[in-house]
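One structure is given below, encoded as structure tokens.
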Amino acid sequence: MNLATSAAPGGRAASTPLLGDAREPTIFEMSVPGRSAYQLRTTGIPERPLSELIPSGALADSPVPIAEVSERDLVAHFTRLSHRQFSVDLGAYPLGSCTMKYNPKLCDTIAAMPGLADVHPGAPASLTQGWLAILVELEESLCEITGMAAATLQPSAGAAGELTGLLLMGAYHEANGDRRRRVLIPDSAHGTNPASATLGGYDVTTIPTDERGLVDLDALRAALDTDVAGIMLTNPNTAGMFEEDIAEIAAAVHEVGGLLYYDGANLNAILGVVRPGDMGFDIIHMNLHKTFATPHGGGGPGAGPVAVSQRVADFLPGPKAARLADGSYGWITPERSIGRVHGWHGNALVIARALTYIKVHGGDGLRRVSERAVLNANWLRKRISKNFPAAYDRMCMHEVVVTGTELKRQTGAKAIDVAKRLLEEGFHSPTVYFPLIIDEALMFEPTETESLQTLEALAESLDRIADEARVAPENLHAAPRTTPVRRVDEARAARTLVPTQDARIEESG
Amino acid sequence: MNLATSAAPGGRAASTPLLGDAREPTIFEMSVPGRSAYQLRTTGIPERPLSELIPSGALADSPVPIAEVSERDLVAHFTRLSHRQFSVDLGAYPLGSCTMKYNPKLCDTIAAMPGLADVHPGAPASLTQGWLAILVELEESLCEITGMAAATLQPSAGAAGELTGLLLMGAYHEANGDRRRRVLIPDSAHGTNPASATLGGYDVTTIPTDERGLVDLDALRAALDTDVAGIMLTNPNTAGMFEEDIAEIAAAVHEVGGLLYYDGANLNAILGVVRPGDMGFDIIHMNLHKTFATPHGGGGPGAGPVAVSQRVADFLPGPKAARLADGSYGWITPERSIGRVHGWHGNALVIARALTYIKVHGGDGLRRVSERAVLNANWLRKRISKNFPAAYDRMCMHEVVVTGTELKRQTGAKAIDVAKRLLEEGFHSPTVYFPLIIDEALMFEPTETESLQTLEALAESLDRIADEARVAPENLHAAPRTTPVRRVDEARAARTLVPTQDARIEESG
Amino acid sequence: MPDYTPHTDAEIDMMLGFLGLDSVEELFAAIPAALQVSGGLDLPQGIPEPDVAYAMESLAKLNTGGASSMVCFAGAGAYDHEIPPVVRALGGRSEFVTAYTPYQPEVAQGVLQAIFEYQTLVARLAGLPVANASLYDGSASVVEAINLAVSASRRAVVHLSAGVHPHWRSVVKTYARGTGHTIVDVPLVNGVSNFDAVAGGEAPGVVVVGYPTYLGTFEDLGDVRRHCDETGALMVVAADPIMASILKTPGSQGADVVVGEGQSLGTPLSYGGPYLGLFACTLEQVRRLPGRLVGETLDIEGRRAYVTTLRAREQDIRREKATSNVCSNQTLMAVVAAIQLGWLGTHGLAQVATRCVTATRYLSDQVTAIDGVTPLLPGVPVARDVAVTTPLDASVVLDRLADEGFLGGLALSSLTDEGDGSVDASVRDRTILMSATERRTRTEIDALAAALTKVVSR
Amino acid sequence: MPDYTPHTDAEIDMMLGFLGLDSVEELFAAIPAALQVSGGLDLPQGIPEPDVAYAMESLAKLNTGGASSMVCFAGAGAYDHEIPPVVRALGGRSEFVTAYTPYQPEVAQGVLQAIFEYQTLVARLAGLPVANASLYDGSASVVEAINLAVSASRRAVVHLSAGVHPHWRSVVKTYARGTGHTIVDVPLVNGVSNFDAVAGGEAPGVVVVGYPTYLGTFEDLGDVRRHCDETGALMVVAADPIMASILKTPGSQGADVVVGEGQSLGTPLSYGGPYLGLFACTLEQVRRLPGRLVGETLDIEGRRAYVTTLRAREQDIRREKATSNVCSNQTLMAVVAAIQLGWLGTHGLAQVATRCVTATRYLSDQVTAIDGVTPLLPGVPVARDVAVTTPLDASVVLDRLADEGFLGGLALSSLTDEGDGSVDASVRDRTILMSATERRTRTEIDALAAALTKVVSR
Ligand SMILES: Cc1ncc(COP(=O)(O)O)c(C=O)c1O
Ligand SMILES: Cc1ncc(COP(=O)(O)O)c(C=O)c1O
């Protein structure tokens, strides 16, 4: 046979975990010159040589190579890849700080409606009244939920919201003739907070966490002065604890003329229970993808609207959708807007999903979401406390950080070993080693959509793992053993960087 | 804990093959009283007690128990079940006689269009002109493809088409004042043929296959008399061989006044190459789900339109969609119609899929389909002939039946062992032990959508299996070892029948 | 012109070379040249997918009567129920959609277990211990039930109630041309089968009734059972699966076989197909069961597993002696039904049933309050469907309602043949069969009534 | 009122009991009572899914300018490309959709490998060795590219060509409020960046150009590279990924960083988002790369495996010293892009690019043949987009075209600020940016031209 047998056959399904093997060729390995899948509309437009239309120096000699596969092989390849991927739809995903709740399929249907998905972002307001109404209604809903006066829907994710918020903070101070250079951030904060602060032009002052798992009030007070532009807080914080002193904190920060920024990633804990605006916050970003049920897409997209109190509203990015005097909808730009933070109007389809979710729940339903998220987290906290005590052993909010310190001391099994072993039990791992201030941290966020039975099964798995750590710790180190691949060599990945197929080919060639 | 830990937790994904375990609870085991997923429209219709509306004797005391699960658990359950299922979209499925080709996703989109899927079958013709046009256009296309005069689209699958065809045969003879009681069927025929003949009121006379793998012409001639209503043939037959003597067969059957029935399950071999009508057939059913790319749905639905020559047309089931004199579409019933064979108009969405497929291909494209289906089958036939010789070793059509007789003699490995071991290689098994006339039959139908690379990989797997049979036959007997379950105890299933969850509960209770 | 085949020219040459052939045509050498198509099929040229999509969309737009454009009050065995996005998403998973009959159970546990759950649900709704893996549609299930019952009773006379869907009765008669069964029509009186009308004939081996009847009325199943006991016939009930959730099960009232149309369980209206034939029976009859049956068992390592069982009934094994000729069935619809029922749950299904009853009754009350519009069967309780008689020809009324945006129901004259034993000949042409599902709102019904008032007063 | 939580009342009681609590309210005891919401949120009552679907559909119907109802000639960085059913089906698979960042690579090989393939494709289109796993959109990619280049060059002056999309330039300026970078606008002359106009200022650390520019014109990348070499700046090219397939890669012409908007690669118009920020760079800069990067490696058994790598650049590890603050990105769009590109393949992508060029040229020829309609840049070759000037105010023209069923393009006045260096102020208000993708037919373009003729002659 003259046939290149190394070419990866698209029709061979051995890489499906269903069939027990574990290697899926790349689409480039499946490629055969001359094969194709695409079919384009018949247009009747006269063909002309490109050389007549494009400056000759610009034109390439041959098109950039992609891959040449049949539709059949394309389907097989990506369907098989999907079988190599854990997801919320397969089972519990208690990844702390990420709110991996079940996302209603209704939202997918809404986001796919041609009347929403097929609309060009540059179409004039007169032709997109539906979209503008959605933007306005979501803005209003988010303001009510957070207790704020106005919002921008432009930021694409939480981190983008943070940066937007920090720019708003800067614009606010600047408008007061004030140049402040410092932002306070607790040591438990998510990494995006300090990273955003840097990009916002600020120096970061880290505030320690006290033994309660809360902001150390004395340290905070000591750090405050008129160079402080503001503080970034998550409340409940990333340890899952509510900052009980929030009123004092707010007063102290406001006293030096600083603003309070609320990292809304943990909003799932407090819907309808307490509002950041009422706590004294001036600026908040929300992670629509977390709280308002956009599926996480393997890493994104999200959306990170920023809501603000009245005194910051004038600086919001623009243009903004607004209800006009005549009852129709149009675009306005706030008076002292910092400008655009998105190429168009934000992640519109995520916004439509969030509004859908909010409409189904209403105010009561949203409160129920938080109640049950918090109930689940506390039940789990107490249930697993024997082997995995909570870092701060009292009532938590929607997530709980437990520590594997004692287990590690006793058995050598680390948090990562527990996490990997848990995969074999049918659960996604919790977040590990975050927040950084907690030793051997395992951060569980069950969310409100998991049942008591699932939590109990998770707890039993954790018990089993702890028992196993005591009698056969090697099992934990060896885990996972049943997944399509086993522990991967991360050091090798960084040492011998292979970021593309072509890097690999060069290497082995 | 007072918690029923036996309740199956919906959020535990251990049954996903991705995670290496293999048991998925039933939805009944996941059920918790009081849980729910449904949400219904707000209607505003006044509630009234059922006892006022329904005769009291008819009303049950409590509703029939279904299952009570959350939407999240529902999704997890069925998503996990889907991971326990091989399918064309995962890999090659060379199941002979079934034409498991790749089905374009376009057809799914068309079948889901509200303008097709949401139409009530009883809506008057004036409101369903689009559907009627589709029915007429498909009928015309099928007639052109088969060389027939008219067709009914009512039958739901191949077997239903067969029975319809046999009833047409009966009506035809009856109209000639002729009562004939016998139908001839080759011994290689699919089981539906004799089963349909029985239901059609006929006695079956089996015609043997000769050493060429074709109808034994002498035996056929000997069986023919004026009590023969007709013959049912598949051409190419189920051994994948073209009945070369078809002209002689047609002449002989027609001579005694019989009709020729064409089992069109194998139409994928001859599109645009040869037409049943031109071969002398009077009646043909087609399996739209096989040839015209409806996905097989785990066992159905299909559609089995029946096309007939002019002399049988008057007997077709009705009502039939037709182009009326004024250019609009309406319903007509053939003069001497045998009546309805479907509750409405047939499997309409399957019909729309088939028309979509035909429109994309056109006449040329359909011929290309058959050319490549036949090319693939022959390449595979020759490539694997060393270990798995074809039952009839010459050019085949779209499928090839090979025999494991020699391998079994040498190694003890049976066709079923080869089939099970092949699953581990990432391929669905071929059809085994069919047609019944071939010892240790393995029937491969690669279809036109599999690539040469896939065929080569399949062949290599078969080589490997044959080699393994010689050195380690126990591997074959033990196969499959990597699937969610291993060989199942079929005898037990029949002996201790557990057809429902409730049968199981009673048994173990 | 791209299609779905992967073959490059080079590969075709290579493959032909391997076979020792010079051209693709030679592959077909076994086919007598004289028979071969010359000049190609006379079909339009193939066109790319987006063009086909556009063409099919254009046709779809001509279906102005679709439930997404008109408010649907048509029923008669095909109902406009809620099918939520979650059911569509799960039912559309390609593993379910692109598999075939689970011949290799080791890699088909997904479909097998879903069918096992489906069988459980159908059996519960029927009140019988066994259900099969699906048949084509309600009409096919009735035919198969009759075949089973004739085989069990060894008597080929069938008492077929006029309360069974008229189309299904037609199908039964068509198939009886082959089996030779004698189909005796049992007329309805006040919506109930009148077995007295057929007394004195040959004793039936089978009695078939609708439950509710296609006119929405209620048979007394106790009476039907007595009729069966008197004659030694098997009792076949064609039941509506939605109504079944709140009614006493036919099985508990003596049915030997329960069949039905499962479209209401998650399948769109689909212009009539693919639908879903439900089929359940007693354990006594399980070896006569048509179609596939999934059973639970163990694998060689003792793990729970599912497999198709009692296969010796089927055509691929028993050939001319099989209990049925069915091969492909409607598995995907059965899987979807399991999903839809799981979504509804016990209370959701009962809720849907209750809403159908109250909405249809509200509909009936509103339209029969119109001058000249009367119930076909005054005073007879109906559910699911209701027949109302108007002063005008039904198809005229329906055409005018369509102009107002309503698919107002079906004309009885379009469903039934003349002389049909279910309806008085004098009003048949003026009677409309209507239904309101859980999706119909009060506003919609009130608007229909207003439109109908206008139509009949013109 | 059903929602998506599974809790039954009995379970809630059981759970509270386990926690020693009497009520759900006690869960929130840590929150000062005075701060708690009293009386509930002032939001409309929750309504069931089908009602919400109806409400959202009603809103969607108000978007009369959607590409499914109007023929779309709008471009400007967001294009109406073919997205076939197969890409939608694969990209919609719930395993991709409902996963998150692949923190546990052992159970995330699906997303990781898809991203690896995506990175390969972006790198090839850019002509550079490394691409990241996506950023938010084209504007975010430009911002990140500038941050990278400033960090690498240690010079905070940015020469930003007016050929870059006007919105992206706005975004760059907004973010520069935080970083303090000095953004120097480089005007276009005849569609090409005129660096002479900014000569004499502080030497830039970064030069950013569009390729093609947002007006569809071609920079001479050799000239840009020379400008960079003269000033020691890094060269950032904002490239269109469709055009990239037939043009010489920016990387081969000296670009250090190539960014772009990936919406054209399988993402619907989506009213502007979620889109897909493309980002590729040289190996020299890989440790400054923003966002995630997937690398190939082995597992402990030597199997090929994928994992996110060089994580020490990222915010969760490096915090205030990270190369970027990005965390959630647009992975799903990147996966879809890999699928869409796989569907198109080498020749399909080139075919799309070619058709966009010829269709836009045909469009340009047809409309500029109309009396009074002229190209903004006569004689300058354009591709992808074309700017045409009419005698009337652009928004009036577009409104009138909308009445005829066309989304005729975008008014330059809606895209750009006054005084924008890309367009002559005297014609800005009368200029429309138009584009025709591979989906536009001759019939559609001819009809648009006919409509435009009518509009301008009124
Ligand atoms: C506490 C917290 N803040 C901020 C973020 C950043 O949000 P995003 O990933 O949407 O940028 C996250 C996300 O993981 C988070 O958990
Ligand atoms: C040769 C042949 N005839 C008839 C049939 C019956 O077709 P269906 O399954 O659609 O009833 C089949 C199906 O497998 C077949 O292969």
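Residue numbers (the working numbering), protein chains in the order written: chain F, 129 to 637; chain Z, 129 to 637; chain C, 18 to 475; chain W, 18 to 475. Idealized CB from N, CA, C, for every residue including glycine. All of these numbers come straight from a predicted model, not from anything done at the bench.
Of all residues in the stretch 154-169 of chain Z, only V160, P161, G162, R163, S164, A165, Y166, Q167, L168, R169 come within less than 8 Å of chain W when Cβ atoms are compared, listed by chain position. At least one heavy atom of ligand 1 falls within 8 Å of the beta-carbon of N394(F). Around the Cβ of L452(F), a 10 Å sphere holds fewer than 16 other Cβ atoms; the residue is exposed. Not one heavy atom of ligand 2 falls within 8 Å of the beta-carbon of A116(C).
For the pair T314(C) and R620(Z), the Cα-to-Cα distance works out to about 6 Å. If you check the C-beta of S557(F) against ligand 1, you find no heavy atom less than 8 Å away.
When DSSP assignments are scanned along the stretch 233-305 of chain W, the uninterrupted stretches of beta strand (DSSP E) that are 3 or more residues long and fall wholly within it turn out to be 251-256, 274-278, 294-298. When the alpha-carbon of R208(F) is set against those of G250(F), G148(F), T582(F), the nearest one is in G148(F). T234(W) sits away from G217(W), with the two beta carbons spaced by 9 Å or more. Looking at the backbone, the Cα of A449(Z) and that of L260(Z) are separated by about 6 Å.
A245(F) is positioned such that its CB atom lies no closer than 9 Å to that of S439(W). Distance from the CA of S225(F) to the CA of T326(C), rounded to the nearest whole angstrom, comes to 49 Å.
Judged by beta-carbon spacing, G268(C) lies beyond the 9 Å limit of E278(C), meaning their Cβ atoms are not closer than that value. Counting only the Cα atoms, Y390(Z) lies some 15 Å from G368(Z). Distances from the CA of P174(Z) to each of R110(C), T391(C), L380(C), L300(C) were compared; the closest alpha carbon is that of L380(C). Beta-bridge analysis with DSSP links Y389(F) to M360(F), I411(F). Approximately 5 Å separates the beta-carbon atoms of A279(F) and P433(F); this is inside 8 Å, confirming the contact. At least 9 Å separates the beta-carbon of A435(F) from that of M407(F). In the three-state reduction of the DSSP assignment, I335(F) falls in the strand class, which pools E and B.
DSSP, reduced to helix, strand and coil, places K448(F) within a strand of the structure shown. Residue pairing by DSSP puts E313(W) in a beta bridge opposite Y323(W). Less than 9 Å separates the beta-carbon of L345(F) from that of I377(F).
As the crow flies, the alpha-carbon of H248(Z) is around 17 Å from that of E421(C). With fewer than 16 other Cβ atoms inside 10 Å of its own Cβ, D454(Z) counts as exposed. Of H489(Z), G275(Z), T154(Z), H470(Z), the smallest CA-CA separation from Y192(C) is found for H470(Z). Distance from the Cα of D39(W) is smallest, within the candidate group L503(F), E618(F), E568(F), A569(F), for L503(F).
When secondary structure is reduced to three states using DSSP, A351(Z) falls in the helix class. Looking at Y330(Z), C271(Z), A303(Z), the one whose alpha-carbon comes closest to that of E290(Z) is Y330(Z). For S178(C), the enclosing beta strand (DSSP E) covers residues 174-178.
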